[in-house]
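Residue numbers (my numbering): 274 to 356.
This is the structure we're talking about:
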């Protein structure tokens, strides 16, 4: 089942919030992931969706767990995702 636009944007917002909370720049996160800063920026804006396969690596780069990330996602989107 494809992720809804709302879920993709909720994930993007949560990623941006967690990066900011950790005091990390997009450049640092990009370096940890082996990506460009533009890709990280696009992920945080929801322009480039983060796949389920990428989420663990992205969370590790932020120093958080998937549980930490999903704690930031609104309850309705969690229900849709079945979590």
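The beta-carbon is built from N, C-alpha and C at its ideal position, and this holds for glycine as well.
| Asked | Found |
| --- | --- |
| Report yes if the CB atom of residue 319 is closer than 8 Å to the CB atom of residue 285, and no otherwise. | yes |
| Could you tell me the boundaries of the alpha helix (DSSP H) in which residue 286 lies? | 278 to 295 |
| If we ignore side chains and look at the alpha-carbon of each, how far apart do residue 352 and residue 336 end up? | 25 Å |
| Taking just the CA atoms, how far does residue 293 sit from residue 305? | 15 Å |
| Is the beta carbon of residue 302 less than 8 Å from the beta carbon of residue 333? | no |
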